[in-house]
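To start, the structure under review is shown below, and the notes come after it.
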Amino acid sequence: MAEFIIGAPLKGPAQRYPWLRRLLWRIDFVFVWLLLRAFRLLPVDLASRLGARLGGWIGPRLKSKHRLVRNNFAIAFPALSTGALEHLARDCWRQGGRILAEYPHLDRFAREAERLSIDTAGVNPVELQPCVIACAHLSSWEVVGSALTRLGIPNATLYSPPSNPYLNRMLLSSRAVLNCELVPRDNSARALVRALRGGRSVGVVVDRRVDDGEDVTFFGQPKATSMMPAKLALKQGCALVPAQVRRLRDARYQVSFHAPITPQNPTASEREQALDMMQQLHNRFTEWIREEPSDWLCSKRLWPRGTVPHAAEDR
561 MAEFIIGAPL
571 KGPAQRYPWL
581 RRLLWRIDFV
591 FVWLLLRAFR
601 LLPVDLASRL
611 GARLGGWIGP
621 RLKSKHRLVR
631 NNFAIAFPAL
641 STGALEHLAR
651 DCWRQGGRIL
661 AEYPHLDRFA
671 REAERLSIDT
681 AGVNPVELQP
691 CVIACAHLSS
701 WEVVGSALTR
711 LGIPNATLYS
721 PPSNPYLNRM
731 LLSSRAVLNC
741 ELVPRDNSAR
751 ALVRALRGGR
761 SVGVVVDRRV
771 DDGEDVTFFG
781 QPKATSMMPA
791 KLALKQGCAL
801 VPAQVRRLRD
811 ARYQVSFHAP
821 ITPQNPTASE
831 REQALDMMQQ
841 LHNRFTEWIR
851 EEPSDWLCSK
861 RLWPRGTVPH
871 AAEDR
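Structural data, given as structure tokens:
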């Protein structure tokens with residue numbers, strides 16, 4: 561999340577004057593609080609549709625971000641026309657708007673069975689508790705926590721705290737109702753180990769680029785990826801469970817927990833096993849995204865700068 565929202569034009573002066581930075585943080589907090597409060601007061605399906613309209617209007621106007629999203633889709637789907645890529649990019653922003661609008665309703669997804677269907681045919685996380693649960697930024701990954709709450713599984717989720725401390729406190733408070741502990745991404749290893757040893761399953765979203773990670777192949781291109789989920793599962797002797805989220809319609813979802821990912825060569829070194837497991841996980845992500853590309857939120861740069869789609873010359 562950007563450090564400033566309303567105050568973005570004053571980012572430069574705010575870096576120099578702490579009093580201005582604190583003021584802009586407070587203004588942003590009030591803005592986000594009012595926005596989320598308004599969405600909370602609406603029926604969740606209406607909030608979701610309005611969020612999609614809002615995201616679809618704002619996103620394409622963020623020119624550099626919109627180009628980045630379009631380029632991500634071009635790398636992932638090199639055979640698509642320019643028009644089709646533009647359509648997917650706009651769908652991405654609509655998806656982001658829906659996720660924002662639905663965020664104040666996460667507790668409802670945990671309570672209301674008609675809003676969240678849970679498929680444990682692949683694996684029952686209750687039987688594997690605690691485990692490491694990995695998903696992609698597909699549909700609303702946030703509802704995985706709601707699904708775990710419904711199943712009675714205490715969990716901890718890795719997250720990137722916003723720079724704004726007031727927004728961070730609001731985020732922590734909103735998750736408390738789900739019995740979900742939020743673990744800041746930086747220096748998170750000990751906290752995640754502690755969570756697993758304390759009986760909490762750990763949730764991670766791992767389709768983004770991590771600059772100090774190792775390369776796995778994602779849509780035919782190398783992507784720097786954290787090995788942490790696989791290494792955590794290997795060291796703690798627990799399962800690495802892929803979780804897939806599908807949007808059925810409006811604010812209705814299905815969360816499917818798939819069979820655990822295991823190393824193909826259990827006698828290999830820990831590094832080789834972890835790399836193999838993360839490659840298998842990204843192969844799953846690729847399949848799921850190809851099924852529903854319009855549900856993928858890919859608003860961050862995923863591949864190295866200068867990566868060219870394999871079939872760019874065909875468009």
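Under the working numbering, think of the first position of the sequence shown as 561, with each following residue one higher. A virtual CB, placed ideally from N, CA and C, is assigned to each residue, including glycine. Just so you know, these numbers come straight off a predicted model, no measurement behind them.
Task: Residue burial classification, Ser829 (beta-carbon count within 10 angstroms, cutoff 16) - done: exposed
Task: Spatial neighbours of Asp679 in its chain, beta-carbon cut-off 8 Å, leaving aside the 5 residues before and after - done: Gln814, Val815, Ser816, Phe817
Open item on the list: Rounding to the nearest angstrom, what Cα-Cα distance links Ile566 and Ser723 in this structure?
Closed with: 14 Å
TODO: Please name the residue or residues paired with Lys571 in a DSSP beta bridge.
DONE: Looking at the DSSP assignment, Lys571 forms no beta bridge with any residue, so it has no partner.
Open item on the list: For Asn632, count the other beta carbons within 10 Å of its own beta carbon; 16 or more makes it buried, fewer makes it exposed. Which is it?
Closed with: buried
Task: Exposed unless 16 or more other CB atoms sit within 10 angstroms - verdict on Val868 - done: exposed
TODO: Round the Cβ separation of Gly607 and Ala661 to the nearest angstrom and send it over; I've been treating them as touching at under 8 Å.
DONE: Correcting the residue type first, residue 607 is Ala in the shown sequence and not Gly. Contact flag correct, Cβ pair sits at about 4 Å.
Task: Start and end residues, beta strand (DSSP E) containing Phe637 - done: No beta strand (DSSP E) holds Phe637; DSSP gives it neither H nor E.
TODO: Look up Ile678 in the DSSP assignment and say whether it is helix, strand or coil.
DONE: strand
TODO: With DSSP as the reference, label Cys691 as helix, strand or coil.
DONE: Reduced to three states, the DSSP call for Cys691 is coil.
TODO: Closer than 7 Å by C-beta to Val805: which residues in its own chain qualify, once you throw out the five before and the five after it? Chain order, please.
DONE: So the qualifying residues of the chain are Cys695, Leu698, Ser699, Ser700, Trp701, Val703, Val704, Tyr813, Val815.
TODO: Check whether the Cβ atoms of Leu727 and Phe589 sit closer than 8 Å, and answer yes or no.
DONE: A contact, by the Cβ cut-off of 8 Å.
Task: Identified DSSP bridge partners for Leu698 - done: Trp856
- [ ] For the alpha helix (DSSP H) holding Arg850, just list the boundary residues, first then last.
- [x] Element bounds for Arg850: 830 to 851.
- [ ] Let me know if Arg757 comes out buried or exposed under the rule of 16 or more other beta-carbons within 10 Å of its beta-carbon.
- [x] exposed
Task: Rounded separation between Arg807 and Gly657 - CA only - done: 14 Å
Task: Member of Ile635, Ala649, Leu584, Trp617 whose CA lies at the smallest distance from the CA of Pro864 - done: In this structure, Ile635 is the residue among Ile635, Ala649, Leu584, Trp617 with its C-alpha nearest to the C-alpha of Pro864.
Task: Cβ separation of Glu743 and Leu752, assumed to be a contact under 8 Å, to the nearest whole Å - done: This sequence places Val at residue 743; Glu is not what is there. At roughly 6 Å, the Cβ-Cβ gap stays under 8 Å, so Val743 and Leu752 are in contact.
Task: Collapsed DSSP secondary structure at Gly758 in the structure displayed - done: coil
Open item on the list: At the level of alpha carbons, what is the spacing between Asn747 and Pro690?
Closed with: 21 Å
TODO: Return yes when at least one heavy atom of the ligand NAD lies under 7 Å from the C-beta of Trp856, else no.
DONE: The ligand content of the structure shown is nil, which means the ligand NAD is not present either.
Open item on the list: Determine whether the beta carbon atoms of Gly773 and Ser786 lie at a separation below 8 Å.
Closed with: For Gly773 and Ser786, yes; Cβs fall inside 8 Å.
- [ ] Rank Glu646, Thr827, Pro820 by C-alpha distance to the C-alpha of Arg505 and give the top, closest one.
- [x] As shown, the chain starts at 561 and ends at 875. That puts residue 505 outside it, with no answer to give.
Task: Helix, strand or coil at Leu718 [DSSP, three-state] - done: strand
Open item on the list: Spatial neighbours of Leu645 within its chain, please: C-beta separation below 6 Å, excluding the five flanking residues on both sides.
Closed with: Arg630, Phe633, Ala634
TODO: Check Val766 in the structure and name its three-state DSSP category.
DONE: coil
TODO: Mind checking which residues open and close the beta strand (DSSP E) that includes Val743?
DONE: 740 to 744
Task: Lys795 burial status per 10 Å Cβ neighbour count (16 or more: buried) - done: exposed
Open item on the list: Nearest by alpha-carbon distance to Met837: which of Pro823, Thr846, Thr827 is it?
Closed with: Pro823
TODO: For Val737, write down the residues that DSSP places opposite it in a beta bridge.
DONE: Looking at the DSSP assignment, Val737 forms no beta bridge with any residue, so it has no partner.
TODO: Could you check how far apart the C-beta atoms of Val692 and Val764 are, in whole angstroms? I think they sit under 8 Å.
DONE: 7 Å
- [ ] With a 10 Å radius around its C-beta and 16 neighbouring C-beta atoms as the bar for buried, classify Gly619 as buried or exposed.
- [x] Burial call: buried.
Task: Cβ-based neighbour list, Leu614, same chain, cut-off 7 Å, excluding 5 preceding and 5 following - done: Gly657
Open item on the list: For Thr827, count the other beta carbons within 10 Å of its own beta carbon; 16 or more makes it buried, fewer makes it exposed. Which is it?
Closed with: exposed
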